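A short worksheet on the structure shown next.
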Amino acid sequence: MNDLSNAIFGLHGQALALRQQKMELIASNIANQDTPGYKAQDLDFVQALSEVQRQQAIAKQAAAPSDRPMGFPGLELGPTAGQRAADPAPLSIEEIGRQAHFIRDELQPSLDGNTVDSQLEYAAFSKAALEYRVTLNLFEGRARGLMLAITGQ
């Protein structure tokens, strides 16, 4: 999402994209429950959302007014001197999701090496779907509030 949508929808848009990635991984686990050697995968949503917040804080700091006094283009004051140039480029939401992606620990692997527990996956998918719906409701509420502000009704 771009800066405007981040300003309007806050974390809800990124949370929705991360929840979608998590559901895709769980669906992949379910689809591969009979694939020999397949390892169950998951996404650490809390870690990914923390990274999104960290990157937003860095972007907000970079957008803050400079510490340079007027008339002295090479002089910076304060603890941020030289820091802005060293900040890495922000990651996309897909890249953040890939970083939070992990292979789930084996609870009870089958003889063929597959670690997918179908009952666990169905429960995880139900939970993820509910969390997705809650996040979507928050997103929709924000959009309705904006429409109300725009139309004045």
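full-length UniProt numbering applies: residue 1 is where the sequence shown begins, and numbers increase by one. Glycine residues also receive a C-beta, built at the ideal position from the N, C-alpha and C atoms. Since we're looking at a predicted model, the values are computed, not measured.
Those residues which DSSP pairs with residue i across a bridge
i    : result
D34  : In the DSSP output, where bridge partners are listed per residue, D34 has none listed.
F102 : D42
Contacting residues, own chain, Cβ-Cβ under 7 Å from residue i (five flanking each side not counted)
i    : result
H12  : T135, L138, F139, R142
A128 : R19, K22, M23, I26
R144 : none
T151 : none
Residues near residue i by beta carbon distance below 6 Å, same chain, minus five either side
i    : result
A149 : none
A17  : I93
H101 : L43
N122 : The sequence given here has Tyr at residue 122, not Asn. Nothing meets the Cβ criterion.
Under 9 Å between C-beta atoms of residue i and residue j
i    : j    : result
G10  : A48  : no
L120 : L107 : yes
D105 : P36  : no
P109 : A59  : no
Residue burial classification, residue i (beta-carbon count within 10 angstroms, cutoff 16)
i    : result
Q14  : buried
L43  : buried
V116 : buried
A40  : buried
A62  : exposed
A81  : In this predicted model, A81 has a pLDDT of only 49, less than 50, meaning its place in the structure is not dependable; the value taken from the coordinates is given anyway. It counts as exposed.
Same chain only: Cβ atoms within 8 Å of residue i, ignoring 5 sequence neighbours per side
i    : result
S118 : I30, Q33
A125 : Residue identity check: residue 125 is Phe in the sequence provided, not Ala. Here the set comprises M23, I26, A27, I30.
Three or more C-beta pairs below 8 Å linking the region 54-64 and the region 20-28:
Output reads no: the region 20-28 does not touch the region 54-64.
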